[in-house]
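J.: Starting off with a structure, shown below.
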Amino acid sequence: MATAAAHQAYGAAEDTADAGAYERAFDAAVAADERIEPRDWMPDAYRATLVRQMAQHAHSEIIGMQPEANWITRAPSLRRKAILMAKVQDEAGHGLYLYSAAETLGTSRDELLDKLHSGRQKYSSIFNYPTLTWADVGAIGWLVDGAAITNQVPLCRCSYGPYARAMVRICKEESFHQRQGYELLLALGRGTPEQRAMAQDAVNRWWWPSLMMFGPPDDESAHSAQSMTWKIKRHSNDELRQRFVDICVPQAESLGLTLPDPDLRWNEERGHYDFGPIDWTEFKEVLKGNGPCNEQRLTQRRRAHEEGAWVRESAAAYAAKHTSRTGEASRSGETGATRA
Amino acid sequence: MTNTDWPLWEVFVRSRRGLSHTHAGSLHAPDAEFALRNARDLYTRRGEGVSIWVVPSSAITASSPDEKDPFFEPAADKPYRHPTFYEIPEGVKHL
């Protein structure tokens with residue numbers, strides 16, 4: 000019935016062409032847990048928030064290819080190499096799903112990439128840490144992808160339809176990413192003392208940055224409250240972080256590895272694991288551009304884009320020539336208006 | 000900024016024989032041939048499809064700029080088009 004009410008509200012908005020009525024219709028649709036679709040009226044701030052979040056998400060996927068691709072040529076077996084290539088290819092795919100979804104809001108692929116390359120849009124600060132050993136590939140899969148999944152599963156119910164649909168696809172694929180990482184660490188954990196130490200070292204370095212992936216504490220999170228009202232976000236940063244810690248502790252035990260936090264212990268009263276304070280100074284520094292790899296990641300990204308320019312230009316030239324010969328149907332770059 | 004000339008394509012995937020093609024998403028490609036290959040790499044990496052259609056987004060005509068409007072209203076006031084509209088005595092079978 001809530002759904003019918005939302006539809007009626009939209010109908011009324013059209014009749015009166017009153018801005019306030021449009022806003023009430025939008026609010027009613029969100030309240031009724033309906034999805035907002037590209038051609039619906041939406042508040043400018045809602046659109047801007049989504050573009051910012053989806054762009055950052057898409058950028059994270061393609062920048063995230065770098066730290067792992069770093070190990071493709073040095074994977075210890077053909078099996079591991081094939082797995083890693085498939086995973087890195089998935090990350091590219093996730094970036095593309097998200098760029099497409101962001102474009103339904105009226106921005107363009109070129110504009111998004113341009114903003115990434117010029118530093119005007121961000122990507123997740125986790126990818127500014129280096130992958131020093133092979134075990135880092137495992138730690139990234141288990142912890143970084145694990146944290147990402149914890150963040151992303153609720154996004155499958157995000158109020159913006161195209162974003163939610165992209166997330167459903169992404170979450171299905173992320174599950175393999177996390178499991179391959181866990182299996183990799185398990186293999187190292189059962190190996191020589193050196194291999195075991197390498198696995199422990201990687202977990203030690205990735206644990207805290209993974210906890211930071213959930214963003215600042217709730218009382219300091221700039222966008223959280225509004226995003227929750229709009230149902231872009233369904234759970235608070237601290238809530239998701241706690242969920243992640245609770246999931247990881249027993250998983251670490253099964254691996255035979257420890258998590259680098261002396262304050263980590265089960266709290267019977269809360270029914271959750273307590274954990275130590277997070278170093279938010281480090282988080283802010285990395286965010287500001289002072290992480291170990293910020294410069295390297297952006298430089299490599301820009302270079303890949305520039306060095307690929309001739310491929311894009313040749314393909315466009317070939318298509319133009321072919322089109323003028325065959326008089327093929329319209330190939331205008333028009334977007335948006337017809338997006339379903 | 001060299002992507003500008005690559006139009007947007009909508010991708011439809013038939014997940015298995017016997018089912019219709021369903022909208023999977025969209026992508027940029029310079030021409031139909033590339034759009035098909037990119038669609039295969041992007042939307043069927045795990046055997047999600049046995050057939051793909053790609054359509055230039057600009058070739059799609061949509062019902063209206065708004066998703067809910069009087070266009071669909073004629074269907075709303077005809078409940079007698081649904082089988083549940085009719086009252087049938089209990090015990091009558093195969094109806």
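Residue numbers (numbering that gives the first Met the number 0), protein chains in the order written: chain D, 0 to 339; chain L, 0 to 94. Idealized CB from N, CA, C, for every residue including glycine.
(1) With L35 of chain L and I51 of chain L assumed to form a contact (beta carbons below 8 Å), what rounded beta-carbon distance in angstroms separates them?
(2) Which residues in chain D sit within 9 Å of G24 of chain L, going by Cβ to Cβ distance?
(3) How many Å lie between A3 of chain D and Q151 of chain D at the Cα?
(4) In chain L, which residues lie with their C-beta within 9 Å of the C-beta of G63 of chain D?
(5) For N266 of chain D versus D260 of chain D, is the C-beta spacing smaller than 8 Å?
(6) Suppose only complete runs of 4+ residues qualify. What are the alpha helix (DSSP H) ranges in the stretch 158 to 184 of chain D, listed by chain order?
(7) Candidates D:R324, D:T322 and D:P37: which alpha carbon is nearest A163 of chain D's?
(8) For the beta strand (DSSP E) containing P55 of chain L, list its first residue and its last residue.
(9) Would you say W5 of chain L reaches chain D, if we count a Cβ-Cβ gap shorter than 8 Å as a contact?
(10) Which same chain residues end up closer than 7 Å to V50 of chain D when comparing Cβ atoms and leaving out the 5 residues on each side of it in sequence?
(11) Assign W265 of chain D to one of three DSSP states: helix, strand, or coil.
(12) Determine, for A68 of chain D, whether the minimum Cβ-Cβ distance to residues of chain L falls below 8 Å.
(13) Rounded to whole angstroms, how far is the Cβ of A318 of chain D from the Cβ of P69 of chain L, which I believe are closer than 8 Å?
(14) Please state whether DSSP places L18 of chain L in a helix, a strand or coil.
(15) Tell me, to the nearest whole angstrom, how far the beta carbon of L97 of chain D is from that of M53 of chain D; I am working on the premise that it is less than 8 Å.
(16) Would you mind telling me which residues of chain L sit closer than 7 Å to A314 of chain D, beta carbon to beta carbon, in chain order?
(17) For R324 of chain D, collect the residues of the same chain with a Cβ closer than 8 Å to its Cβ; drop the 5 residues on either side in sequence, then sort them by chain order.
(18) So if I threshold CB-CB distances at 7 Å, which residues from the stretch 34 to 48 of chain L count as touching chain D?
(19) When burial is assigned at 16 or more other CB atoms within 10 Å of the CB, is S331 of chain D buried or exposed?
(20) Can you list, in chain order, the residues of its chain whose CB lies under 7 Å from that of E47 of chain L, leaving out five sequence neighbours each side?
(21) Let me make sure I understand the geometry here. Which of D:A196, D:C157, D:W133 and D:W205 has the alpha-carbon closest to that of D144 of chain D?
(22) Could you tell me whether the Cβ of R15 of chain L comes closer than 8 Å to any Cβ of chain D?
(23) From L258 of chain D to P249 of chain D, what distance separates their C-alpha atoms?
(24) From L:L26, L:T60, L:V10 and L:S25, pick the residue whose C-alpha is nearest to that of S19 of chain L; which is it?
T.: In this structure, then:
(1) 6 Å
(2) L95, Y96, S99, A100, P161, R164, A165 and R168
(3) For A3 of chain D, the pLDDT reaches just 45, beneath the cut-off of 50, and the residue's location in the model is therefore unreliable, although a value from the coordinates is still provided. Looking at the two C-alpha atoms, the distance is approximately 29 Å.
(4) Near G63 of chain D there are no residues of chain L at all, since even the closest Cβ is about 17 Å away, more than 9 Å.
(5) no
(6) none
(7) D:P37
(8) S50 to P55
(9) yes
(10) Once the five neighbours on either side are set aside, the close Cβ partners of V50 of chain D are A101, L104 and T106.
(11) Reduced to three states, the DSSP call for W265 of chain D is strand.
(12) So no, A68 of chain D is outside the interface.
(13) Their Cβ separation, rounded to whole angstroms, is 40 Å, which puts A318 of chain D and P69 of chain L out of contact at 8 Å.
(14) coil
(15) 6 Å
(16) P29 and F33
(17) none
(18) Residues passing the 7 Å Cβ filter: L41 and R44.
(19) Residue confidence is low: S331 of chain D scores 45 on pLDDT, short of 50, so the model does not pin down where it sits. Its coordinate-derived value is still stated next. A residue is called buried once 16 or more other Cβ atoms fall within 10 Å of its Cβ, and S331 of chain D, having fewer, is exposed.
(20) V12 and S14
(21) D:W205
(22) no
(23) 10 Å
(24) Ranking the options by Cα distance to S19 of chain L, first place goes to L:V10.
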